[in-house]
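Protein chains in written order, with my numbering: chain A, 1 to 112; chain B, 1001 to 1117.
For reference, the structure discussed in these notes is given below.
Spelled out as structure tokens, the structure:
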């Protein structure tokens, strides 16, 4: 079946540190892959996406590359800010569409 | 475009009662999905509606049901509430199946926080 596995949190970093949040998936075929972010008390916001192998999604300094050979979609940012503190979710959309399958979420805390 | 809206934002019910939550998708989106978010189980897919038909369903008991209206607005209903139904219920809309595929990018509302006492 389809599933997503994320590195466990919480992750605590100092401002301007480098961020990596690992995400691997299991799926039939080539699903679309997403990173969503959730700030306290809010719904989910799409951070970035990739719809085919070797695509790189990027937004607000965050990047992730769709790696078919390693079934991974790791999230990276070169220099985090306090405002990046949130919970990050990796998700996949199966080929048939209509739903998202999420990882368990990784809480990021950035200290000044 | 206006985003996805959900009403109410907060709800308190007691065990055994039923509840109805509402979701208005982004204009032009015909696909509406519902998710349950809890600290223990994370984000779990409930069901998806497209053009008034349930197109996908997750692994939830029959107490959880939904519907979609001709204007794409959707409601979900939970009957005979249990303590474990306390959660944040998120609605998302997508252009999937409407010619706006974009890899099934879903846009989420702020959620309805349901507390069952």
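In this text, a Cβ means the ideal position worked out from N, Cα and C, and glycines have one as well.
Which value, in whole angstroms, describes the spacing of the CA atoms of residue i and residue j?
| i | j | result |
| --- | --- | --- |
| residue 79 of chain A | residue 87 of chain A | 17 Å |
| residue 1041 of chain B | residue 1015 of chain B | 20 Å |
| residue 30 of chain A | residue 1020 of chain B | 36 Å |
| residue 112 of chain A | residue 1065 of chain B | 45 Å |
| residue 46 of chain A | residue 21 of chain A | 16 Å |
| residue 1116 of chain B | residue 41 of chain A | 18 Å |
| residue 62 of chain A | residue 91 of chain A | 16 Å |
| residue 37 of chain A | residue 109 of chain A | 13 Å |
| residue 1104 of chain B | residue 1060 of chain B | 22 Å |
| residue 68 of chain A | residue 1035 of chain B | 27 Å |
| residue 53 of chain A | residue 65 of chain A | 8 Å |
| residue 1095 of chain B | residue 85 of chain A | 29 Å |
| residue 50 of chain A | residue 1017 of chain B | 42 Å |
Tell whether a beta-carbon distance below 7 Å holds between residue i and residue j.
| i | j | result |
| --- | --- | --- |
| residue 1055 of chain B | residue 98 of chain A | yes |
| residue 1030 of chain B | residue 1047 of chain B | no |
| residue 48 of chain A | residue 32 of chain A | no |
| residue 1039 of chain B | residue 1032 of chain B | no |
| residue 89 of chain A | residue 73 of chain A | no |
| residue 1088 of chain B | residue 1108 of chain B | no |
| residue 1027 of chain B | residue 1007 of chain B | no |
| residue 107 of chain A | residue 9 of chain A | yes |
| residue 1086 of chain B | residue 1063 of chain B | no |
In this structure, what does DSSP give as the bridge partners for residue i?
| i | result |
| --- | --- |
| residue 7 of chain A | Bridge partners of residue 7 of chain A: none, in fact. |
| residue 50 of chain A | A:33 |
| residue 57 of chain A | A:64 |
| residue 1075 of chain B | B:1022 and B:1067 |
| residue 1045 of chain B | B:1035 |
| residue 1113 of chain B | B:1010 and B:1088 |
What three-state label does DSSP hand residue i in the structure shown?
| i | result |
| --- | --- |
| residue 2 of chain A | coil |
| residue 1104 of chain B | helix |
| residue 1083 of chain B | helix |
| residue 82 of chain A | helix |
| residue 45 of chain A | strand |
| residue 63 of chain A | strand |
| residue 1070 of chain B | coil |
| residue 1052 of chain B | coil |
| residue 1028 of chain B | coil |
| residue 91 of chain A | strand |
| residue 1015 of chain B | coil |
| residue 1060 of chain B | coil |
| residue 169 of chain A | Nothing about residue 169 of chain A can be reported from this structure: the residues present for chain A run from 1 to 112 only. |
| residue 69 of chain A | coil |
| residue 96 of chain A | coil |
Starting from residue i, find everything on chain A with Cβ-Cβ shorter than 9 Å and list it in chain order.
| i | result |
| --- | --- |
| residue 1025 of chain B | Those within 9 Å of residue 1025 of chain B in chain A number zero; the least Cβ separation is about 13 Å. |
| residue 1082 of chain B | None at all; the shortest Cβ gap to chain A is about 23 Å. |
So which residues on chain A does residue i lean against when the C-beta distance must stay under 7 Å?
| i | result |
| --- | --- |
| residue 1106 of chain B | 100 |
| residue 1031 of chain B | 98 |
What residues from chain A crowd round residue i, counting only those whose CB sits closer than 8 Å?
| i | result |
| --- | --- |
| residue 1064 of chain B | Residues of chain A passing the Cβ test: none, with the nearest at roughly 15 Å. |
| residue 1050 of chain B | 98 |
| residue 1056 of chain B | 96, 98 and 99 |
| residue 1090 of chain B | 43 and 44 |
At a CB-CB cut-off below 7 Å, which residues of chain B make contact with residue i?
| i | result |
| --- | --- |
| residue 42 of chain A | 1110 |
| residue 105 of chain A | 1042 |
Counting only Cβ pairs nearer than 8 Å, list the residues of chain B close to residue i.
| i | result |
| --- | --- |
| residue 57 of chain A | The premise fails here: residue 57 of chain A is roughly 10 Å from chain B at the closest Cβ pair, so nothing lies under 8 Å. |
By the criterion of Cβ-Cβ separation under 9 Å, what are the contact partners of residue i in chain B?
| i | result |
| --- | --- |
| residue 89 of chain A | 1042 and 1043 |
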